[in-house]
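The next block holds one structure in the form of structure tokens; read it before the comments.
Number of protein chains: 2
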Amino acid sequence: MLFEKLKNKKVLLASKSPRRKEILENLGITFEIIVKDGIDETIPDGINNETAAVYLSEKKAKSYTEHICENTILITADTIVCLDDEILTKPKNYDDAFRILSILSGRKHKVITGVCIRLLNKQISFADTTYVYFKKLTNEEIDYYIKNYKPYDKAGAYGIQEWIGYIGIEKIEGSYFNVVGLPINKIYKTLNKLL
Amino acid sequence: MLFEKLKNKKVLLASKSPRRKEILENLGITFEIIVKDGIDETIPDGINNETAAVYLSEKKAKSYTEHICENTILITADTIVCLDDEILTKPKNYDDAFRILSILSGRKHKVITGVCIRLLNKQISFADTTYVYFKKLTNEEIDYYIKNYKPYDKAGAYGIQEWIGYIGIEKIEGSYFNVVGLPINKIYKTLNKLL
């Protein structure tokens, strides 16, 4: 079992997201949160979105090099929301959030989380993709959601675990927790293989 | 918006499930829980599983007749887990839970929630189906889950929102909250139409 394999290991989750913390907690393992600001999240031209998500998770992992000791396991992740291959970033303000949710309304989009698991001598990274189908949202619903939930820290301007996810998402194809922010079943599988 | 339509209405959720309560709370509406024991959950022969889930939700709704006044909205639900059309009930004991999780392991199964929304003069009922894909579970994982989470109150012997859902479910097709116990987006849509 993973618990036994993790004895004498120190797991670090490098993420500010309370949702990622909550998901990892549900795995029942002990870990610490580390956070660093100012990592450049520019994506090189000409790479596809899956590769971009992995690229960003690896870039984050690289920036924590000084934290990697012999028994450390560092987990970094980056979640990208895209519609027809266009990446939808975090909304700048109310109008931008309104614009993003309006284009997601009534359509299917992709949520990709790139994950990098870094040990002292090896590193594995991968991406997981989930398709999300929004119902046609009314302007009132979009306005209510933005005003009450202020989704300015969220790629795609929504959280599936918030009101809009309850009323607005008709179905998903893939991992639910991947949309929340961590493809936890793949992380569990990868850790089991690595250790 | 639904909130305005529900002013002067009394919503009753007839369910013991803390998970259903939590889902409905996330809709942001005010409601009360009512519970009645001893409702016969025998399913008539020869009906399909979707019809069976709706049948049980309607049977529950019928048993709360004395609670229905002019402004009442009663919500009842029944969740069925099935594999190859065989309904997997709540496990009787450890061995039964182990047997059920072993047959779900490495396979796709269906979770169907039947919902009945009953007002004084009208009633709407429907079913929602989600496909759930489990990875191949090890005996150790099944044993750990049953001993620590005691899924004896759960159809199919698991909760998607518990440890086994995090490590064991590779993907779903459909609504996540339907698997937790309530197809909340359909309930929201139906209430909006009804009122």
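Line by line, the protein sequences give chains A and B. Using my numbering, the letters of the first sequence correspond one by one to residues 149 to 343. Using my numbering, the letters of the second sequence correspond one by one to residues 149 to 343. Backbone N, C-alpha and C fix where the C-beta goes; we use that ideal spot for every residue, glycine too.
- The C-alpha of Leu161(A) lies about 29 Å from the C-alpha of Ile294(A).
- Shown here, Ile216(B) sits in coil according to DSSP, grouped into three states, outside any helix or strand.
- If you check the CB distance, Ala225(B) and Ser205(B) come in under 8 Å.
- Using a CB distance below 9 Å, no part of the stretch 182 to 202 of chain B faces chain A.
- Boundaries of the alpha helix (DSSP H) around Ser250(A): Tyr242 to Leu252.
- Excluding its 5 nearest sequence neighbours in each direction, Asn219(B) has C-beta neighbours in its own chain below 7 Å: Asn156, Lys157 and Lys158, listed in chain order.
- Closer than 8 Å to the CB of Gly304(B) there is not a single CB belonging to chain A.
- In this structure, Thr261(B) and Pro331(B) form a Cβ contact; the two beta carbons are roughly 5 Å apart against a cut-off of 8 Å.
- In this model, Phe151(A) and Ile290(B) are separated by some 14 Å (Cα to Cα).
- Fully contained in the stretch 269 to 314 of chain A are the following alpha helix (DSSP H) runs of length 4 or more, in chain order: 287 to 297.
- The beta carbon of Glu318(A) is closer than 8 Å to those of Tyr281, Phe282 and Lys283 in its chain, skipping five residues each way along the sequence.
- Cβ neighbours of Ile251(A) within its own chain (closer than 7 Å, five residues either side excluded): Leu231.
- Only buried fits Leu172(B), as 16 or more other CB atoms lie within 10 angstroms of its CB.
- Residue pairing by DSSP places Ile265(A) opposite Ile223(A) and Ile272(A) in a beta bridge.
- Linking Ile221(A) to Leu339(A) through their CA atoms gives a straight-line distance of about 9 Å.
- Gly322(B) is bridged by DSSP to Ile320(A).
- Under the three-pair Cβ rule at 8 Å, the stretch 306 to 318 of chain A does not count as touching the stretch 308 to 315 of chain B.
- Residue-level contact by beta carbon holds for Ser323(A) and chain B, with a gap shorter than 8 Å.
- According to the DSSP assignment, Leu160(A) belongs to no alpha helix (DSSP H) but to the beta strand (DSSP E) extending over Lys158 to Ala162.
- Assigned with DSSP and collapsed to three states, Leu339(B) falls in helix.
- Look at Lys184(B) here: in three-state DSSP terms it is coil, with no helix or strand label.
- Tyr242(B) does not reach chain A, its nearest Cβ partner there being about 18 Å away, counting only Cβ pairs nearer than 8 Å.
- For Glu234(B), the uninterrupted beta strand (DSSP E) segment begins and ends at Glu234 to Leu236.
- Boundaries of the alpha helix (DSSP H) around Arg167(B): Pro166 to Glu173.
- At a cut-off of 8 Å between beta-carbon atoms, Ile260(B) makes no contact with chain A.
- Near chain B, meaning a CB-to-CB distance below 8 Å, the residues of the stretch 167 to 182 of chain A are Ile171, Asn174, Leu175 and Gly176.
- Along the stretch 220 to 247 of chain B, there is no position whose C-beta sits under 7 Å from a C-beta of chain A.
- Judged by DSSP in its simplified three-state form, Leu231(B) adopts strand.
- Residues Phe282, Lys284 and Leu285 of the same chain have their beta carbon placed closer than 7 Å to that of Ser253(B), with the five preceding and five following residues left out of the count.
- Within chain B, no C-beta atom comes less than 9 Å from the C-beta of Glu206(A); the nearest is roughly 24 Å away.
- Taking C-beta separations shorter than 7 Å and ignoring five residues to either side along the sequence, the partners of Asn326(A) in its chain run Val259, Thr261, Asp276 and Thr278, following chain order.
- Bounds of the alpha helix (DSSP H) holding Asn197(A) are Asn197 to Lys210.
- Under a 10 Å Cβ-count criterion, Thr227(A) is classified as buried, with 16 or more other Cβ atoms of the shown protein chains found around its own Cβ.
- Inclusion of Ile272(A) and Leu342(A) in the CB contact set at 8 Å is warranted, their separation being smaller than that value.
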